[in-house]
Every structure is written in structure tokens, then in C-alpha cells.
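Trainee: Chains D and A, in that order, give the protein sequences. First residue of the first sequence: 1, per the UniProt record's numbering; consecutive thereafter. First residue of the second sequence: 1, per the UniProt record's numbering; consecutive thereafter. Note that CB positions come from ideal geometry on N, CA and C, so glycine has one too.
Number of protein chains: 2
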Amino acid sequence: MDMPDDDLLALRLRALAHPARLAIVRALAAADRCQCGEIVRGLTLAQSTVSQHLKVLKEAGLITGTIEGPRSCYCLDRESLAALATQVGTLFAALDDGRRNPAPRADALVSSLSTPI
Amino acid sequence: MDMPDDDLLALRLRALAHPARLAIVRALAAADRCQCGEIVRGLTLAQSTVSQHLKVLKEAGLITGTIEGPRSCYCLDRESLAALATQVGTLFAALDDGRRNPAPRADALVSSLSTPI
DNA sequence: TGCCGTCATCGTTCATCGACGATAAACGAT
DNA sequence: ATCGTTTATCGTCGATGAACGATGACGGCA
């Protein structure tokens, strides 16, 4: 019930919250591994832009990138994605929770909001 | 398996991808309904900023806001949130999918990427 | 050695975000 | 009618994001 890592959750959600990056993640899910050029050819974006998106996903820990000779191979980081799925699942479970227990209202709020943004 | 609404998914993820808005959603989940002022007092943000965040969440369809006399009452939009949970679940399920079926590789990519960003 | 393909990074531009204070709108109470 | 409370909106500012072209680094190949 603590949450110092709302920041981490937000970061990962944010990394995912772009159509191009969603497309990339789906593509990696389907192909399991692939190199930058394939993605560039599949999208209508400049190579540098795709590279940037890959960087964002990598920095969020959602994918891994390893250089293989002259090219780069990207894969999903299944562990991080599983962790993210868990966090998201927990969040949505909490939402359902509130539905069932009408809740003590007044200080349900203060306890939820006591975290400094 | 089509995806014109990757944009919608991205929009909603993006709405959720901010610590303050996560806190707000959690608070609403706990309290079920509450007014802006309560949230403002719970967070360390200016009232106008909180109002902005509420607006973002409302425009993403994640919460509903109705004015009640001089104040506004906000609630979670449970239906939209359930829909979002479904979309996210589908996404993560797809990720696991790729894990099991090694996949035809080559055109798994092109089919995944055929969407115009 | 020198060229080419692949990818990352840099620098730039434009748009959007996050935060704030100030102001306006709506309402209840005096 | 006026005031105080509550909330939304406006305008502004700095920071970040998204996209691009150009350039650079690295490794294979002629």
C-alpha cells in the first residue's frame, strides 16, 4: 500500500503512451526480436525518430537492445513488462475495491493523497 | 486485431502517466466520489494545477465531473477504466503470446506495423 | 584501404506539458 | 445586493516531447 514508485509506474506508462511506441512493442511481441531497420521500414517515420522511440522504451526498461555486428537487435524485456502488468493490475484491482467497499470516505482521501506527488 | 484506437489507448495511458494523476485516481477509487478541494488539500499543488489534472483525466474519459451547487463532484468512470483494463490486458496477453509461439518472424512485423503510426 | 549499410547521436524547430498566479463564473449565505 | 467560497479558465513561463536532417561511429566487404 506504499507507493514511492508511482514515479516508476508513471514513467513506464508514459513510455508506452505513444502510438508509435505501442506499435513497436506489439511488433516486438510478434517477432520476438528484430532490428531497427525493420521497424523503420514498417513505420512511416524517419530512422532517427524510430531510434529515439527505441531509446525511450529502452530507458524505461521495457525493451532491451544489443548491438549485433553492424546492426542492433531489440527484444522485449519480458520481466519488466510483467512487473508493469502487475502494477497496472494492482491499480485496477484497487479501483474495483473501492467499488465494493463504499469506504470510510473522509480519510480514505488523506491516506491516498499523503504521498508528495 | 485492427487498431485505429491505439490512439485512444495511448491517450488514456498518457492521462494516467503522471504521479499526481495516479494519486488522484487512487484517491477517487478509495473515496468513490469527492470534490476538487479535498484533492487540492491532499496534494501539494496549486488549485489550478489540480483542476488541470482533473480536466486531463476527464477528457480522457477516465473520470466524470458533475457540478453540484458551488462545487464539483468527481467520480471514477468505472466503465472506461474497465475498458482500459481490457485493452491493457489484451496488450500484455499479446506479449505473452509471442513468447509461446516463436512466430513467423518476417511478416509478423509487417502485419504489426502496417498501421500509419 | 576505402566504401557502404546500419544505427546512434546532435542540433534544431515546433508543439505540448506542468506548474503557477490572477481572474472570472457560479452559488450559498448574510 | 454583496460577500465569501469553490472551481474553472486564461495567460505565462520553463521544460520536455516529437519529429526531422545531418553527421558520426562501427563493422562487413570489395
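1) Counting only runs that start and end within the UniProt domain "HTH arsR-type" (1-96) of chain A, where is the beta strand (DSSP E) found for 3 or more residues in a row?
2) Against A:Ser50, what residues of chain D qualify as contacts under a CB-to-CB distance less than 9 Å, listed in chain order?
3) Could you tell me if D:Asp77 is buried or exposed, where buried requires 16 or more neighbouring beta carbons within 10 angstroms of its beta carbon?
4) What residues from chain D crowd round A:His18, counting only those whose CB sits closer than 7 Å?
5) With 16 other CB atoms within 10 Å as the buried threshold, where does D:Ile67 fall?
6) Which of the residues in the segment 63-95 of chain D, read from start to end, lie with their CB under 7 Å from any CB of chain A?
7) So D:Leu113 and A:Ala29 are supposed to be a Cβ contact under 8 Å. How far apart are they, rounded?
8) Taking the alpha carbon of D:Arg14 as the reference point, which residue from D:Ala31, D:Gly61 and D:Cys36 has its own alpha carbon closest?
9) Please decide whether A:Asp2 counts as near chain D, where near means a Cβ-Cβ distance under 8 Å.
10) Work out the CA separation of D:Ala93 and D:Arg12 for me, nearest whole Å.
11) Cβ atoms of D:Leu43 and D:Ala23: under 8 Å apart, would you say?
12) Pull out every residue of the segment 20-48 of chain D whose Cβ sits closer than 9 Å to any Cβ of chain A, in chain order.
13) Can you find the residues in the same chain that come closer than 7 Å, C-beta to C-beta, to residue 157 of chain D, ignoring five residues on each side of it along the sequence?
14) Is the Cβ of D:Leu57 closer than 8 Å to any Cβ of chain A?
15) Taking 8 Å as the threshold (beta carbon to beta carbon), is D:Leu13 in contact with chain A?
Mentor: According to the structure data:
1) 33-35, 63-68 and 71-76
2) By one-based count along the second sequence, residue 50 of chain A stands at place 50. Note on residue identity: the sequence assigns Val, not Ser, to residue 50 of chain A. The premise fails here: A:Val50 is roughly 10 Å from chain D at the closest Cβ pair, so nothing lies under 9 Å.
3) Taking the first residue of the first sequence as 1, we reach residue 77 of chain D at position 77. Buried, because 16 or more other Cβ atoms sit within 10 Å of the Cβ of D:Asp77.
4) Taking the first residue of the second sequence as 1, we reach residue 18 of chain A at position 18. Neighbours of A:His18 on chain D, chain order: Ala10.
5) Here the question's residue 67 of chain D lines up with position 67 in the first sequence. D:Ile67 should be labelled exposed.
6) Leu76, Arg78, Leu81, Ala85, Val88, Phe92, Ala94 and Leu95
7) The residue given as residue 113 of chain D occupies position 113 in the first sequence. The residue given as residue 29 of chain A occupies position 29 in the second sequence. That pair is no contact at about 12 Å.
8) Position 14 of the first sequence, counted from the start, is the residue given in the question as residue 14 of chain D. Of D:Ala31, D:Gly61 and D:Cys36, the residue nearest in Cα terms is D:Gly61.
9) If you number the second sequence from 1, residue 2 of chain A lands on position 2. Annotation note: pLDDT 39 at A:Asp2 (below 50); position unreliable, no value reported.
10) Here the question's residue 12 of chain D lines up with position 12 in the first sequence. Here the question's residue 93 of chain D lines up with position 93 in the first sequence. About 19 Å.
11) Walking along the first sequence from the start, residue 23 of chain D turns up at place 23. Walking along the first sequence from the start, residue 43 of chain D turns up at place 43. Result yes, Cβ atoms of D:Ala23 and D:Leu43 sit closer than 8 Å.
12) Ala20, Arg21, Leu22, Ala23, Ile24, Val25, Arg26, Ala27, Leu28, Ala29, Ala30, Ala31, Asp32, Arg33, Cys34, Glu38, Ile39, Arg41, Gly42, Leu43, Thr44 and Leu45
13) In the structure as shown, chain D begins at 1 and stops at 117. Residue 157 of chain D is therefore absent and cannot be evaluated.
14) As a first step, residue 57 of chain D must be located in the first sequence, where it is residue number 57. By this cut-off, D:Leu57 is not an interface position.
15) Reading the first sequence from its first residue, position 13 is the one you call residue 13 of chain D. It does: the Cβ of D:Leu13 has a partner Cβ on chain A nearer than 8 Å.
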